[in-house]
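Here is the structure we will look at, set down as C-alpha cells.
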Amino acid sequence: MDRITQSFLNEFVERHELGVIPEGQQFENFASYVAVRRHYNGESFDTTTIHTGGGGDLGIDGLAILVNGSLVADVDALNEHADISGHYDASFVFIQADRGSSFDGKKLSDFGFGVKDFFDPQPKLVRNEQIQAAAEAMEALYKDGTKFRPGNPICRLYYVTTGTWTGEGDLEARRKTLEDDLRSLQIFREVEVLCLGAAELQQLYRQTKNAIIRDFTFTQKTLLPDIEGVNEAYIGFLPLSEFLKIIQDDSGEILGSLFSENVRDWQQYTTSVNDEIRQTVVSQHADRFVVMNNGITMIARNLTPLRRDQIQIEDFQIVNGCQTTSILFDQRNQAGDNIHVPIRLIATQDDEVIKAIVRGTNRQTKVEDDQFFALTDFADQLEDFFETYPELHKVYYERRSGQYARKSIHTTRVVPHRSLVKLVASMFMEVPHQASRRYTALRENVGREIFSKGQRLEMYYVAAFGNYKLDVNFRTGRVSKKLKPAKFHILLAMRYLANPNPLPQKNSRDMEAYCKVIADQLWDSSKADDLCARAAILVEQVADENFKKDAEGNFNRDDIRGQAFTERVILRCKEEIGLTQQ
Numbered sequence: 001m002d003r004i005t006q007s008f009l010n011e012f013v014e015r016h017e018l019g020v021i022p023e024g025q026q027f028e029n030f031a032s033y034v035a036v037r038r039h040y041n042g043e044s045f046d047t048t049t050i051h052t053g054g055g056g057d058l059g060i061d062g063l064a065i066l067v068n069g070s071l072v073a074d075v076d077a078l079n080e081h082a083d084i085s086g087h088y089d090a091s092f093v094f095i096q097a098d099r100g101s102s103f104d105g106k107k108l109s110d111f112g113f114g115v116k117d118f119f120d121p122q123p124k125l126v127r128n129e130q131i132q133a134a135a136e137a138m139e140a141l142y143k144d145g146t147k148f149r150p151g152n153p154i155c156r157l158y159y160v161t162t163g164t165w166t167g168e169g170d171l172e173a174r175r176k177t178l179e180d181d182l183r184s185l186q187i188f189r190e191v192e193v194l195c196l197g198a199a200e201l202q203q204l205y206r207q208t209k210n211a212i213i214r215d216f217t218f219t220q221k222t223l224l225p226d227i228e229g230v231n232e233a234y235i236g237f238l239p240l241s242e243f244l245k246i247i248q249d250d251s252g253e254i255l256g257s258l259f260s261e262n263v264r265d266w267q268q269y270t271t272s273v274n275d276e277i278r279q280t281v282v283s284q285h286a287d288r289f290v291v292m293n294n295g296i297t298m299i300a301r302n303l304t305p306l307r308r309d310q311i312q313i314e315d316f317q318i319v320n321g322c323q324t325t326s327i328l329f330d331q332r333n334q335a336g337d338n339i340h341v342p343i344r345l346i347a348t349q350d351d352e353v354i355k356a357i358v359r360g361t362n363r364q365t366k367v368e369d370d371q372f373f374a375l376t377d378f379a380d381q382l383e384d385f386f387e388t389y390p391e392l393h394k395v396y397y398e399r400r401s402g403q404y405a406r407k408s409i410h411t412t413r414v415v416p417h418r419s420l421v422k423l424v425a426s427m428f429m430e431v432p433h434q435a436s437r438r439y440t441a442l443r444e445n446v447g448r449e450i451f452s453k454g455q456r457l458e459m460y461y462v463a464a465f466g467n468y469k470l471d472v473n474f475r476t477g478r479v480s481k482k483l484k485p486a487k488f489h490i491l492l493a494m495r496y497l498a499n500p501n502p503l504p505q506k507n508s509r510d511m512e513a514y515c516k517v518i519a520d521q522l523w524d525s526s527k528a529d530d531l532c533a534r535a536a537i538l539v540e541q542v543a544d545e546n547f548k549k550d551a552e553g554n555f556n557r558d559d560i561r562g563q564a565f566t567e568r569v570i571l572r573c574k575e576e577i578g579l580t581q582q
C-alpha cells in the first residue's frame, strides 16, 4: 500500500475507532465508507453497519441500501420510509475491497456473481446475518415496486484496490460484461460497475473531507443592505444552465449534500404542487417559471466575487427549495431553454443566523418531519449541553446532518438526531421495541414526551454516552455482534442495572442525580464494560428462554423486537435488582 493511501487509512481508522480489528477489515470499512459517502450525505453513520465481510458474505465486503436519502439496514428501517413518504427512491451500493496492488479478474467475476445471487429469488450461496437482513429489506422493497420513484432502483458496484486501474484488456471486458449481466435482470433503472485504484480512492476520500466549491455567473442580482451576522446577501435569478452548474457533481448527478439543512425530503410528484411545477417547466410557457415560483434559498459559508459577474461559493446548502431544485434537475433534459430560477444567496458563518433562516423559510408550510425539532431551542440547548463535558466523556449531538463531517473528532461519538430519539425512548421511556421497528410511533412523541421543554438534559447525554460505550463493546467483541438486533433492549437493561432506584420524572431535579449514578459508571472503562456485558447476558438469557435460534445461533429479529420481549427483559431486570439487593 502506498504511503498516501496508508496515511488516509490510518486517519480513517483513528476517527472511526477501528484500531481493534485487523488491517484487512479496516481497509474494507474504509473503502465502503468512501464509496457510500459518494452517494449519501445524510447523518453520520457507523461503518460497521455496512461492512459485511466475513463468512457467508457472497464476496461482498460492504453493502448499503439507500432509500429516500437514508441508509436502510433491514426491513424495519425500510418500513419507516413507507410510513413517512409513501414512495421509494432507492439504490444499492456494493463494495469489494482488496489491499493488494493489482486488480484480479477472478475476484471481479466472483464479486459480480455474489451480487447477482443477492438478487436471485432462489439464492445458491450461504449468507451471513448481515447479508440476510439486507436481502430481506431488498425483497420487501421490490414487493412494493409500485412505490418506486422515479423508477427502479440504481445498482452500483465498487471494486477497490490500492493499484492502478487502466480500463483496458480482459479486466475492462469483465467489467462491461458484469454491467450487461446486471442490466439483463431488468430490475434496475441504472447499473454502474466501477473499479477504483489508489488514485481514485484518495480523491474520493478527500471529497468526504473537503467542502464543495462552485463557480457560476450571477448577472441578474441585487446586493441586499447590511444585515447583522451576514457577510453578503443577494437576490436575483439564474438561467437554468447556471443553476445546474451549482447543483450537479462531476459525474452529472445531483449533489447529495445539498439538502442536509432542508427539513423536507424530495417528495417526487406525489403532491399536486410538484406536478404543477413540472408541467410549467416542460410547457411552452416555461418562461413564466420565474414569476410563478417562490425560488431557492441558498446559504454558503464562504462567498468570493471573482471577475465581473463570476461568484465562487463554498460549503453551501439549499435550505428551502428542495422540491423546486429536484424537479428542475429531474426535468433538465425536457425543460425549456428560457427558464430562469429565482435565487436568494446568503453568505454567513454564523450558526444562529443559519438556524433562523432555516426556521423562517420552512415555516411557510406545515412540516411533519421530526427533524424539524432539531431546529428548536431545546435541540440547541442540548447541543451546547453535550459540549460541556470533558473530552474523554464527550459525545456530540448532530442536530444538523453532517455538521461534524469536517471536524477532527471520532465519528463514533457523533449521535444523529433520529438516533438520539431512539436511544432516549429505549432507556427512559422503556419502549426499545418501538425504537427497533416502529419509529413512526416515536415520531408522534417528539416535542411531547421526547425533546420536550423542561426535561432534564442529563438523560439525553446518558443515553448517548451509554450507546457509545455499548458500541465500543460490540466493536471489540466483548459483546457478541449477534446481539445487535437487541441493542436497544441492552441499553434499557444497562439503565436498570446501573441504577436500581425508581425512575424520576423527566423534568425533576431528581433525574439529574439519577443520571449521575449511571454516568459515573459509564465514565469508568472497567465498570462500563462490565455493565454492558451484564446487560447483554441478561438480554441473551431472556431470548434463550423464550425463543429458538437458527443454525448459526442467531435470534429471529421479529421475536426479540416485540413488546412481549421488552416486558420479559424488564421483568428479568427487576428480578436481578431484587437479587442484588438481598
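Per this note's numbering, the very first residue in the sequence shown carries number 1; after that it's consecutive. Each residue gets a CB set at the ideal place from its N, CA and C atoms; glycine is no exception. None of the values given here were measured: they were computed from a predicted structure.
- Alpha carbon of T580 to alpha carbon of F565, nearest angstrom: The residue labelled residue 580 in the question sits at position 580 within the sequence shown. The residue labelled residue 565 in the question sits at position 565 within the sequence shown. With a pLDDT of 47 at T580, under the threshold of 50, the predicted position of this residue should be treated as unreliable, though the coordinate-derived value follows. Distance between the alpha carbons of T580 and F565: 22 Å.
- Residues of its chain near E28, where Cβ-Cβ distance is below 7 Å and the 5 sequence neighbours each way are ignored: As a first step, residue 28 must be located in the sequence shown, where it is residue number 28. Only H51, G53, D61, G62, A97 meet the Cβ criterion.
- Query: Which term fits I346, buried or exposed, when burial requires 16 or more other beta carbons within 10 angstroms of its beta carbon?
  - Reply: Along the sequence shown, read from residue 1 onward, the residue named residue 346 stands at position 346. By the neighbour-count rule (16 or more Cβ atoms within 10 Å), I346 is buried.
- Query: Based on the DSSP secondary-structure assignment, which residues constitute the bridge partners of Q96?
  - Reply: In the sequence shown, residue 96 corresponds to position 96, counting from 1. In the DSSP output, where bridge partners are listed per residue, Q96 has Y159.
- Item | Neighbour-count burial assignment, T222, 16 or more Cβ in a 10 Å radius | On the sequence shown, residue 222 is found 222 positions in, with the first residue counted as 1. Counting Cβ neighbours within 10 Å, T222 comes out exposed, since fewer than 16 surround it.
- From which residue to which residue does the beta strand (DSSP E) around Y389 run? As a working mapping, residue 389 is identified with position 389 in the sequence shown. It is not in any beta strand (DSSP E) - Y389 carries neither H nor E in the DSSP assignment.
- Task: Could you pull out every residue in the same chain whose Cβ sits closer than 8 Å to the Cβ of A591, ignoring the five residues on either side in sequence?
- Result: Summary: the structure shown does not reach residue 591, with the chain confined to residues 1 through 582, and so no result is reported for it.
- Which of helix, strand or coil does DSSP assign to H603? Not covered by the structure: residue 603. The range shown for the chain is 1 to 582.
- Mind checking who T297 pairs with in its DSSP beta bridge? As a first step, residue 297 must be located in the sequence shown, where it is residue number 297. Note: T297 is bridge-paired with N320, R344 in the DSSP secondary-structure output.
- Identify, in the order they occur along the chain, each residue of the same chain with its Cβ nearer than 7 Å to the Cβ of Q364, setting aside the five sequence neighbours on each side. As a working mapping, residue 364 is identified with position 364 in the sequence shown. In this prediction, Q364 scores a pLDDT of 48, lower than 50, which makes its location untrustworthy; no coordinate-derived value is stated.
- Message: Counting beta carbon pairs with one atom in the segment 482 to 491 and one in the segment 396 to 412, are three or more of them shorter than 8 Å?
- Response: The segment 396 to 412, when compared against the segment 482 to 491, does not touch it at the 8 Å Cβ threshold.
- Message: Taking 8 Å as the limit between beta carbons, can you name the residues of its chain near F329, skipping five residues before and five after?
- Response: Position 329 of the sequence shown holds residue 329. Correct list, in chain order: L244, I247, Q248, I254.
- Give me the Cα-Cα distance between G562 and S436, rounded to the nearest whole angstrom. One-based indexing of the sequence shown puts residue 562 at position 562. One-based indexing of the sequence shown puts residue 436 at position 436. About 9 Å.
- Can you tell me whether DSSP reads I354 as helix, strand or coil? Position 354 of the sequence shown, counted from the first residue, corresponds to residue 354. Three-state result, I354: helix.
- Task: Note the first and the last residue of the continuous alpha helix (DSSP H) segment covering E14.
- Result: Residue 14 sits at position 14 when you count from the first residue of the sequence shown. Counting along the chain, the alpha helix (DSSP H) containing E14 begins and ends at 3 to 15.
- Query: Where does the unbroken alpha helix (DSSP H) through L66 begin, and where does it stop?
  - Reply: Within the sequence shown, the letter at position 66 stands for residue 66. It is not in any alpha helix (DSSP H) - L66 instead sits in the beta strand (DSSP E) that spans 62 to 67.
- Which whole-angstrom value is the C-beta distance of E190 and I154, which I expect to be below 8 Å? Residue mapping note: residue 190 aligns to position 190 of the sequence shown, counting from 1. Residue mapping note: residue 154 aligns to position 154 of the sequence shown, counting from 1. Contact holds; Cβ gap of about 5 Å.
- Query: Using the C-alpha atoms, what's the distance from L423 back to Y461?
  - Reply: One-based indexing of the sequence shown puts residue 461 at position 461. One-based indexing of the sequence shown puts residue 423 at position 423. Going from the Cα of Y461 to the Cα of L423 covers about 10 Å.
- Run through DSSP, which three-state label would K221 get? Along the sequence shown, one-based indexing puts residue 221 at 221. Strand.
- DSSP three-state assignment for E583, whether helix, strand or coil: Residue 583 is absent from the model: the chain starts at 1 and stops at 582.
- Burial state of N546, where buried means 16 or more other Cβ atoms lie within 10 Å: By 1-based counting over the sequence shown, the position of residue 546 is 546. Its Cβ having fewer than 16 others within 10 Å, N546 is exposed.
- Query: Taking the alpha helix (DSSP H) that L238 falls in, what are its first and last residues?
  - Reply: Position 238 of the sequence shown holds residue 238. Residue range 232 to 239 is occupied by the beta strand (DSSP E) that includes L238, with no alpha helix (DSSP H) assigned at that position.
- Query: By Cβ distance below 6 Å, which residues in the same chain neighbour F507 in space, the five residues on each side in sequence not counted?
  - Reply: Stepping through the sequence shown from its first residue, residue 507 is reached at position 507. What sits at residue 507 in the sequence shown is Asn, not Phe. Hits under 6 Å: G454, Q455.
- Looking at L538 and A498, is the spacing between their C-beta atoms short of 7 Å? Within the sequence shown, the letter at position 498 stands for residue 498. Within the sequence shown, the letter at position 538 stands for residue 538. In this structure, L538 does not lie closer than 7 Å to A498 by Cβ.
- Message: Relative to the C-alpha of V34, which candidate in M298, Q25, Y205 has its C-alpha closest?
- Response: Along the sequence shown, one-based indexing puts residue 34 at 34. From the listed residues M298, Q25, Y205, the smallest Cα separation to V34 is found for Y205.
- Item | Inter-residue Cα distance where the pair is Q521 and A464 | Start at 1 with the first residue of the sequence shown, and residue 521 comes out as number 521. Start at 1 with the first residue of the sequence shown, and residue 464 comes out as number 464. Going from the Cα of Q521 to the Cα of A464 covers about 14 Å.
- How should S326 be labelled, buried or exposed, when 16 other C-beta atoms within 10 angstroms of its C-beta is the threshold for buried? Counted from its first residue, the sequence shown places residue 326 at position 326. Buried, by the Cβ-count rule.
- Name the two residues that bound the continuous alpha helix (DSSP H) containing S525. For the purposes of this step, residue 525 is taken as residue 525 along the sequence shown, with counting starting at 1. Counting along the chain, the unbroken alpha helix (DSSP H) around S525 starts and ends at 525 to 546.
- How about Y40 and L66: are their beta carbons less than 7 Å apart? Locating residue 40 in the sequence shown gives position 40, counting from the first residue. Locating residue 66 in the sequence shown gives position 66, counting from the first residue. Cβ distance < 7 Å, so Y40 and L66 count as in contact.
- Are the segment 108 to 120 and the segment 156 to 176 touching by the rule of at least three beta carbon pairs closer than 8 Å? Because the criterion of three Cβ pairs below 8 Å is met, the segment 108 to 120 and the segment 156 to 176 touch.
- Item | Span of the beta strand (DSSP E) around Y142 | One-based indexing of the sequence shown puts residue 142 at position 142. Residue range 129 to 143 is occupied by the alpha helix (DSSP H) that includes Y142, with no beta strand (DSSP E) assigned at that position.
- I227 and R344: beta carbons closer than 7 Å? As a first step, residue 227 is located in the sequence shown; it is residue number 227 there, counting from the start. As a first step, residue 344 is located in the sequence shown; it is residue number 344 there, counting from the start. Contact flag unset, no.
- Would you tell me roughly how many angstroms separate the C-alpha atoms of W165 and L196, rounded to the nearest one? Taking the first residue of the sequence shown as position 1, residue 165 is located at position 165. Taking the first residue of the sequence shown as position 1, residue 196 is located at position 196. Taking the straight line joining both Cα atoms gives about 6 Å.
- If you pair each beta-carbon of the segment 72 to 82 with each one of the segment 3 to 21, do three or more pairs fall below 8 Å? No contact exists between the segment 72 to 82 and the segment 3 to 21.
- Item | Range of the contiguous beta strand (DSSP E) that encloses S70 | The residue given as residue 70 occupies position 70 in the sequence shown. Per DSSP, S70 belongs to the beta strand (DSSP E) from 70 to 72.
- Under 7 Å between C-beta atoms of L58 and G24: Counting from 1 along the sequence shown, the entry for residue 58 is found at position 58. Counting from 1 along the sequence shown, the entry for residue 24 is found at position 24. No, they are not a contact pair.
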